[in-house]
Amino acid sequence: MDYTIETLIPREAVEKRIKELASEIERDYKGREVIVLGLLKGSVIFMSDLIKEIDIPLVIDFMSVSSYGNGTDSTGIVKILKDTDFDLKGREILIVEDIIDTGLTLKFMKDLIKGRGAKSVKCCAMLNKEARRNVDVDVDYYGSKVGNEFVVGYGLDFLNMYRNLPYVGVLKPEVIQKYVNK
Ligand code: 5GP
């Protein structure tokens, strides 16, 4: 597995950044009760590390939406595969995402949650591909900016693999090509 992946953000750097994000979130949400809403499956590793560092009362929930096929480019179509357990009306929602790319998924999520009458909606993403954005949406908190490369690890997959890598890596283009052209 190693020779197909280059380390982009080592584990220690991700963990350090998570602690910083958690203290920002803790400070901003002090005295409020937040629903931390993870988007399955990519956010789970980042989210579980993040919430352990946030020392305020919170509840967690999950949604699963799909905007990607089995390739590496956004289709623009967002479909709800699993909805929240909690009613979001009047609640403070912090969406947790693995990576914001075109921003389509996040825009869809923020509009949906606002439409359900949430009191506030913010997002915390592990990674931000800012240069790829094609809709106007705020990423309120994020760990690191990344470029155009396709990243895996720390929850992020390629064809459902690599989510368990304890660092963020870049999959070499020849590996992607091999599968995409099949
Ligand atoms: P967006 O709607 O912002 O274009 O896409 C967001 C979703 O696309 C992310 O939640 C993630 O599942 C997927 N995605 C975007 N860029 C990458 C990437 O570099 N690596 C992986 N594994 N997934 C990505």
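As numbered in the working numbering, residues 939 to 1120 make up the sequence shown, in order.
Backbone N, C-alpha and C fix where the C-beta goes; we use that ideal spot for every residue, glycine too.
Only a predicted model underlies this, so the values are computations on that prediction, with no experimental measurement involved.
Taking all protein chains in view, the Cβ of Ala1069 is surrounded by fewer than 16 other Cβ atoms within 10 Å, so the residue is classified as exposed. In the displayed model, Phe1096 falls within a strand according to three-state DSSP.
Counting along the chain, Ile1038 sits inside the beta strand (DSSP E) bounded by residues Glu1030 to Ile1038. C-alpha of Met1099 to C-alpha of Ala960: approximately 27 Å in a straight line. Residues of the same chain with a CB within less than 6 Å of the CB of Leu1026, apart from the 5 flanking positions on each side, are Ile1051, Arg1054 and Ala1056 in chain order. Pairing Val1059 with Asn1072, the inter-Cα distance amounts to about 20 Å. By the CB criterion at 8 Å, Asp1023 and Asp999 fall inside the cutoff. Judged by DSSP in its simplified three-state form, Glu991 adopts coil rather than helix or strand. Counting only the Cα atoms, Ile994 lies some 24 Å from Tyr1092. Judged by the Cβ position, Glu1035 qualifies as a neighbour of the ligand 5GP at the 7 Å threshold, a heavy atom of the ligand being closer than this. Across the set Phe1088, Tyr1105 and Tyr967, the C-alpha of Phe1088 shows the shortest separation from the C-alpha of Val1113. Straight across, the Cα-Cα distance linking Val1106 with Ile1037 is about 11 Å.
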